[in-house]
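Sequential numbering of the sequence shown, starting at 23, is according to the numbering used here. To start, the structure itself, in structure tokens.
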Amino acid sequence: MAEKYKVDKDLVRMEIVDFTFPEKEYRTSRHDTVLPYNWALGPTWTRFFDGLKEGKILGTRCKKCNKVLVPARTFCPICYEDMQEWIELPQEGSIETWCLVNYKYYGQVKEPPYIIAQIHLDKADCSLTHFIGGFNLSDPDKVRGKMKTVSRVKAVWSKEKHGDIYDIAHFKPV
Ligand SMILES: [Zn+2]
23 MAEKYKVDKD LVRMEIVDFT FPEKEYRTSR HDTVLPYNWA LGPTWTRFFD GLKEGKILGT
83 RCKKCNKVLV PARTFCPICY EDMQEWIELP QEGSIETWCL VNYKYYGQVK EPPYIIAQIH
143 LDKADCSLTH FIGGFNLSDP DKVRGKMKTV SRVKAVWSKE KHGDIYDIAH FKPV
């Protein structure tokens, strides 16, 4: 069988020179790997999530390009400037794009049907990903009638807040 990869001396580049799938079919057995882990939030995410616990949606403003990004960022991805000015954003905005999920698959955090959307909060310069809810999602035609890309929505807060993104239960049409 031909060599799969040609490897440069310094091992930085690999070039595929010949690749063929094995002709033999291998027996397999199904295993699901679960990998829970703790992710260090750092000061910016900590402040953002503390804000949610207090019912506030916080973003940061770049002193160079003046853009307000939400969730808050440590640095501006456009200018690479530190973003140290904190802004409390309005809890209303408009939908940029959305998707009705009615298919169940492994790893979902919510039981379908649900709508996931990009929400452009007023005074922000980017969109926030979250759920749209508060109305019956079982009839796709009715959902289409209610959901437009310019639809106005506002945050609905969870009864119990834990300092995570689900402190906002969803956004609902206004
Ligand atoms: Zn910037």
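Note that beta-carbon positions come from the ideal geometry of N, C-alpha and C, so glycine has one too.
Asked	Found
Provide the residue(s) that pair with Lys176 in DSSP beta bridges, ordered along the chain.	Glu114 and Lys194
Are Val175 and Ile154 close, meaning C-beta to C-beta below 8 Å?	yes
So if I measure from each beta-carbon to every heavy atom of ligand 1 and keep distances below 5 Å, which residues remain?	Cys84, Lys86, Cys87, Cys98, Ile100 and Cys101
Where in the region 82-159 do unbroken runs of the beta strand (DSSP E), each at least 3 residues long, occur, reported from the N-terminal end onward?	107-111, 114-123, 136-143 and 150-154
When we look at the beta-carbon of Glu25 and count the other beta-carbons within 10 Å, is it buried (16 or more) or exposed?	Annotation note: pLDDT 48 at Glu25 (below 50); position unreliable, coordinate value reported separately. Per the 10 Å Cβ criterion, exposed.
Could you please give the first and the last residue of the uninterrupted alpha helix (DSSP H) stretch that includes Arg166?	Pro162 to Lys168
Count the other CB atoms within 10 Å of the CB of His142; is the residue buried (16 or more) or exposed (fewer)?	buried
When you compare the CB positions of Ile138 and Met169, do they come within less than 8 Å of one another, or not?	no
Could you name the residues that DSSP lists as bridge partners for Leu80?	Glu110
Alpha carbon to alpha carbon, what distance is there between Lys46 and Met23?	Its pLDDT being 43, under 50, Met23 is placed unreliably by the model, and nothing is read from it.
By Cβ distance below 6 Å, which residues in the same chain neighbour Cys148 in space, the five residues on each side in sequence not counted?	Leu91
List the endpoints of the continuous alpha helix (DSSP H) containing Trp61.	Here Trp61 belongs to no alpha helix (DSSP H), and DSSP marks it neither H nor E.
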